[in-house]
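Numbering (full-length UniProt numbering), first residue to last: 1 to 958.
Ideal Cβ placement from N, Cα and C applies to all residues, glycine included.
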Ligand code: GAL
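Written out as structure tokens, the structure is:
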């Protein structure tokens with residue numbers, strides 16, 4: 001038998017570990033003032049093939065007829081276009097969605113041929129050269145212009161440029177780009193995110209006039225002792241640098257020192273300048289600042305800084321990682337408005353425009369390289385590319401493409417080698433190269449706890465106790481590590497409801513000098529807009545391997561609405577601390593900024609009685625320097641405002657609009673109680689009256705046989721009983737690799753979702769109706785003896801619930817309270833914590849006041865439905881014609897579905913409102929924690945099963 005081989009185009013480059021061929025050396029990313037450019041974004045012809053070599057390269061030739069091809073929008077991911085006709089996204093956290101056999105990739109390798117025909121604009125100069133720049137293509141591309149193969153590249157979130165001047169013609173240029181979903185590069189890009197092939201960032205043709213700028217490096221340091229800034233712009237092509245605002249006009253390469261205002265994230269002073277070479281003018285935005293590691297601390301301009309940061313993936317629910325400028329700006333504005341001061345660009349360099357925004361608005365940036373090899377952990381890191389010299393050129397190429405592209409951004413204070421790639425010689429080589437190329441910034445990498453290559457000790461998800469020990473220098477570690485500052489590059493896993501416990505972390509960060517803050521994981525839920533499911537997550541596209549909703553773990557929802565987690569974080573990291581003792585009429589204001597004084601802020605006070613403001617006014621606070629405090633006198637409490645529960649609310653607001661926030665935007669606040677609340681009292685003066693079917697007691701009717709409440713003041717009430725179950729949150733359920741304190745799992749195992757209510761007795765007294773029960777799950781001996789004692793003064797009805805645990809309770813309770821159904825309820829009013837939800841360890845941002853909402857608006861739309869929407873510290877609530885007062889205060893929630901329904905739902909679209917509004921009045925809720933990736937709730941937030949008593953008073957309103 002003879003064998004026959006079909007000639008196929010060579011696709012060896014796809015599995016080649018080298019970074020590629022043909023591209024120009026990396027250089028700074030900038031927009032020229034005068035050189036012409038042509039955006040090639042827009043509609044491109046598109047053809048999808050199942051394998052890398054299914055089609056030959058004839059499509060790249062001039063004259064090829066692509067008339068029957070489909071179209072895609074560039075920038076974009078093809079799997080998010082074409083209504084499913086172009087394949088689908090895949091979500092895995094750490095697992096490679098293909099066999100691990102580096103650098104080989106599957107034969108099934110979706111390959112998208114992209115074709116664009118363009119004319120040069122009339123003004124395109126006849127002389128000079130040109131380059132074509134790809135800002136991001138996942139994961140490997142080969143490029144032809146007018147039939148000539150100009151090269152191929154990998155490194156999805158990094159720019160690649162090719163010289164094309166000699167190939168261009170005035171009309172009918174044919175740009176052909178073949179993009180392979182899988183390549184050797186995929187092994188270096190195992191970040192926890194959707195796999196999304198495509199040309200997802202801009203494609204631009206840049207004219208390069210003779211004598212134009214090539215690469216340049218702006219060195220702009222600040223001497224905090226003298227107040228002087230030193231500028232030196234090194235340029236491959238000689239020229240002059242002018243900064244009109246500083247009267248600077250010097251040759252490139254020549255240093256100049258002048259008095260400047262420094263750049264910091266809090267005071268992002270940028271000076272406009274120009275780099276002029278013979279052939280081009282390039283605008284510069286110069287920020288003077290000096291970043292050093294000194295005394296074991298990260299210092300900027302001589303001061304240790306505290307990161308109040310977040311990890312940001314690029315995400316848009318329809319466009320994936322293809323973000324427009326407006327969306328990037330929205331992210332930055334949201335961050336600034338929520339008091340964040342830092343971003344880690346997890347886990348790849350972002351679109352370059354994002355860094356311009358960080359320079360402009362002020363955010364410290366850890367710029368992270370496009371590198372993660374997490375999937376190798378499955379084989380104990382064997383064959384890890386970062387420890388295999390064959391891959392080192394690719395790693396160095398990635399480091400260089402990041403550093404060269406982004407080196408002129410004052411906001412970038414650290415370079416990060418990548419994420420979760422184990423350890424190895426390749427990482428060391430990257431760090432050495434970076435240190436050599438840019439001594440003005442620090443190097444970060446979390447994966448090496450010995451800090452061999454890094455300038456900072458960085459960890460993720462270390463629990464509070466460990467972080468505190470690190471703060472106290474009791475953590476040991478290598479000699480080098482012991483001398484380094486500490487950051488948590490990821491903590492506070494914001495998946496679903498949560499993260500809990502971040503206020504506790506912040507207290508620790510602020511208590512120890514060595515701890516320089518952290519970055520919440522993560523900024524945004526990567527939900528994908530889906531016609532049936534609302535937002536899709538892992539598994540919704542039929543993926544063979546996936547990690548479910550672990551991809552939805554952000555502080556903002558996919559549509560960029562802030563989640564309660566962001567509101568909490570804003571409060572926890574507020575840069576002004578307000579406290580004090582209202583009793584002596586003073587309040588202490590502390591400036592917790594690192595650099596800014598308080599001159600941009602205005603302060604105001606309000607005096608509230610029972611949650612309603614009776615008087616408000618301005619509070620005069622000196623423009624305190626960072627770290628300073630002042631005691632400020634409050635006015636005398638308003639006359640005639642005694643009685644009721646009283647408090648001061650003091651707020652710090654923007655005195656004037658800034659670049660990122662309107663006048664009166666709230667920066668910080670505190671509430672100082674004056675006089676406490678008086679608990680509701682009901683004189684038990686009415687006796688229950690038994691009837692044939694109903695028992696009556698004051699305004700209430702009960703089932704004569706079971707003692708179950710039927711109505712209060714004519715309002716029907718159904719199913720009132722003790723409730724301990726909540727639809728487990730992602731943080732309750734915990735991650736599969738977590739230890740045996742995954743409460744959501746243990747609760748289910750212990751049957752807390754299927755408690756049975758045994759009726760033991762219905763007793764009539766002279767002044768009370770008493771119903772005795774035992775609430776317990778099948779199969780176990782544990783139970784809760786529960787007594788409902790009903791009394792009335794004739795118009796109001798009081799319920800006292802006494803709970804006594806029996807047996808050996810090994811788990812805390814999810815919640816403890818009562819639930820009941822109301823047939824009709826929509827508007828809700830309450831006096832308590834609001835406006836948003838709160839739980840025991842996520843309640844910092846809960847403001848005590850009077851609030852109103854609809855039942856629907858009480859719900860927090862977590863992408864995967866789960867417990868949500870509780871309001872804390874509620875004194876009273878009104879809904880459905882009833883007023884309910886608590887003794888003590890309670891947690892309030894109401895929804896149009898049961899907890900069981902909520903528990904079953906996988907997407908928000910599974911939640912269909914029923915006829916009943918289910919109300920929960922909880923005496924306690926278990927903490928939230930962040931065990932979906934980090935530690936669970938701290939012990940002080942546990943809801944332990946112990947003898948408990950609590951009461952509610954019901955009355956009819958309206
Ligand atoms: C970290 C990782 C992130 C993300 C997070 C969990 O280990 O660096 O990329 O996977 O866990 O959401």
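Can you determine whether any heavy atom of ligand 1 sits closer than 7 Å to the C-beta of residue 526, and answer yes or no? On the chain shown, residue 526 is found 526 positions in, with the first residue counted as 1. Checking the Cβ of residue 526 against ligand 1 gives no.
Jot down the residue ranges of each uninterrupted beta strand (DSSP E) in the region 710-765, minimum 3 residues, whole runs only, in chain order. 715-723, 755-764
For residue 188, name the three-state secondary structure that DSSP assigns. Within the chain shown, residue 188 is the residue found at index 188, counting from 1. In this structure, residue 188 counts as helix in the three-state DSSP scheme.
Mind checking who residue 129 pairs with in its DSSP beta bridge? As a working mapping, residue 129 is identified with position 129 in the chain shown. Its beta-bridge partners are 208.
Measuring only the C-alpha atoms, how far is residue 544 from residue 748? On the chain shown, residue 544 is found 544 positions in, with the first residue counted as 1. On the chain shown, residue 748 is found 748 positions in, with the first residue counted as 1. If I take the Cα positions, the gap works out to 27 Å.
Residue 308, enclosing beta strand (DSSP E) - first and last residue: If you number the chain shown from 1, residue 308 lands on position 308. From DSSP, the beta strand (DSSP E) with residue 308 extends over 307-311.
Quick test of the definition: if touching needs 3 or more C-beta pairs under 8 Å, does the region 771-779 touch the region 667-684? no
Could you check what DSSP says for residue 330 in three-state terms: helix, strand or coil? The residue labelled residue 330 in the question sits at position 330 within the chain shown. Reduced to three states, the DSSP call for residue 330 is helix.
For residue 319, is the classification buried or exposed, using 16 other Cβ atoms within 10 angstroms of its Cβ as the cut-off for buried? Here residue 319 is taken as the residue at index 319 of the chain shown, counted from 1. It is buried - the Cβ of residue 319 has at least 16 other Cβ atoms within 10 Å.
Report yes if the C-beta of residue 414 is less than 7 Å from at least one heavy atom of ligand 1; otherwise report no. In the chain shown, counting from the first residue as 1, residue 414 sits at position 414. Because no heavy atom of ligand 1 lies under 7 Å away, the Cβ of residue 414 does not count as near it: no.
Can you tell me whether residue 904 is helix, strand or coil according to DSSP? Against the chain shown, residue 904 aligns to sequence position 904. Residue 904 falls in the helix class under three-state DSSP.
May I ask you to check if the CB of residue 420 is nearer than 7 Å to at least one heavy atom of ligand 1? By one-based count along the chain shown, residue 420 stands at place 420. Yes, the beta carbon of residue 420 sits closer than 7 Å to at least one heavy atom of ligand 1.
Starting from the C-beta of residue 297, find all residues in its chain whose C-beta is less than 6 Å away, skip the five residues before and the five after it, and write them out in chain order. As a first step, residue 297 must be located in the chain shown, where it is residue number 297. Around residue 297: 304, 485.
Assign residue 489 to one of three DSSP states: helix, strand, or coil. On the chain shown, position 489 is the one that residue 489 refers to. Here residue 489 sits in strand by DSSP.
Report whether the distance from the Cβ of residue 316 to the nearest heavy atom of ligand 1 is below 7 Å. By one-based count along the chain shown, residue 316 stands at place 316. No, the Cβ of residue 316 stays beyond 7 Å of every heavy atom of ligand 1.
Who pairs with residue 495 in a beta bridge, going by DSSP? Along the chain shown, one-based indexing puts residue 495 at 495. Note: residue 495 sits in no beta bridge, so no partner.
State the beta-bridge partners of residue 268 as determined by DSSP. The residue you call residue 268 lines up with position 268 of the chain shown. Beta-bridge pairing links residue 268 to 263.
Taking 7 Å as the cut-off, is the beta-carbon of residue 933 closer than that to any non-hydrogen atom of ligand 1? Taking the first residue of the chain shown as position 1, residue 933 is located at position 933. Result yes, Cβ under 7 Å from ligand 1.
Residue 180, DSSP secondary structure in three states: Taking the chain shown and counting its residues from 1, the one referred to as residue 180 is at position 180. Reduced to three states, the DSSP call for residue 180 is strand.
With residue 436 as the anchor, note down where its beta strand (DSSP E) starts and where it stops. Taking the chain shown and counting its residues from 1, the one referred to as residue 436 is at position 436. Element bounds for residue 436: not the beta strand (DSSP E) but the alpha helix (DSSP H), 425-437.
In whole angstroms, what separates the C-alpha of residue 262 from that of residue 290? One-based indexing of the chain shown puts residue 262 at position 262. One-based indexing of the chain shown puts residue 290 at position 290. Approximately 9 Å between the Cα atoms of the pair.
Separation of residue 625 from residue 939, as counted between CA atoms: Taking the first residue of the chain shown as position 1, residue 939 is located at position 939. Taking the first residue of the chain shown as position 1, residue 625 is located at position 625. About 37 Å.
From residue 467 to residue 791, what distance separates their C-alpha atoms? Counted from its first residue, the chain shown places residue 467 at position 467. Counted from its first residue, the chain shown places residue 791 at position 791. C-alpha separation (whole angstroms): 51 Å.
Could you compute how far the alpha carbon of residue 510 sits from the alpha carbon of residue 78? Mapped onto the chain shown, residue 510 falls at position 510. Mapped onto the chain shown, residue 78 falls at position 78. Spanning the two alpha carbons is a distance of roughly 46 Å.
Short check: CB of residue 300 to CB of residue 267, under 8 Å? For this step, residue 300 is matched to residue 300 along the chain shown. For this step, residue 267 is matched to residue 267 along the chain shown. No; because the gap between Cβ atoms is not below 8 Å, this pair is not in contact.
Return the CA-CA distance between residue 619 and residue 868, expressed in angstroms with no decimal places. For the purposes of this step, residue 619 is taken as residue 619 along the chain shown, with counting starting at 1. For the purposes of this step, residue 868 is taken as residue 868 along the chain shown, with counting starting at 1. So the two alpha carbons sit approximately 36 Å from each other.
Contacting residues, own chain, Cβ-Cβ under 6 Å from residue 94 (five flanking each side not counted): One-based indexing of the chain shown puts residue 94 at position 94. Taken in chain order, the residues that qualify are 374, 375.
Say yes only if the C-beta of residue 563 is nearer than 7 Å to one or more non-hydrogen atoms of ligand 1, and no if none qualify. On the chain shown, position 563 is the one that residue 563 refers to. Residue 563 Cβ: outside cutoff for every heavy atom of ligand 1.
Comparing C-alpha positions only, which one of 154, 579, 137, 167 sits nearest to residue 144? Position 144 of the chain shown holds residue 144. Considering only alpha carbons, the answer is 167.
So what does residue 74 bridge to, in DSSP terms? Reading the chain shown from its first residue, position 74 is the one you call residue 74. Answer is 42.
By the 10 Å Cβ neighbour count, where 16 or more other Cβ atoms means buried, how is residue 947 classified, buried or exposed? Translated into positions along the chain shown, residue 947 becomes position 947. Label assigned to residue 947: exposed.
Which of the three DSSP states, helix, strand or coil, is assigned to residue 663? Stepping through the chain shown from its first residue, residue 663 is reached at position 663. If DSSP states are grouped into helix, strand and coil, residue 663 belongs with coil.
How long is the line joining the alpha carbons of residue 447 and residue 412, rounded to whole angstroms? Against the chain shown, residue 447 aligns to sequence position 447. Against the chain shown, residue 412 aligns to sequence position 412. So the two alpha carbons sit approximately 20 Å from each other.
Using CA coordinates, which residue listed in 623, 611, 607 is at the minimum distance from residue 617? Locating residue 617 in the chain shown gives position 617, where the first residue counts as 1. Measuring from the Cα of residue 617, the nearest candidate turns out to be 607.
In terms of residues, what are the limits of the beta strand (DSSP E) holding residue 791? In the chain shown, counting from the first residue as 1, residue 791 sits at position 791. Run containing residue 791: 783-792, per the beta strand (DSSP E) assignment.
Beta strand (DSSP E) runs contained entirely in the region 864-906, provided each spans 3 or more residues: 871-879, 882-895
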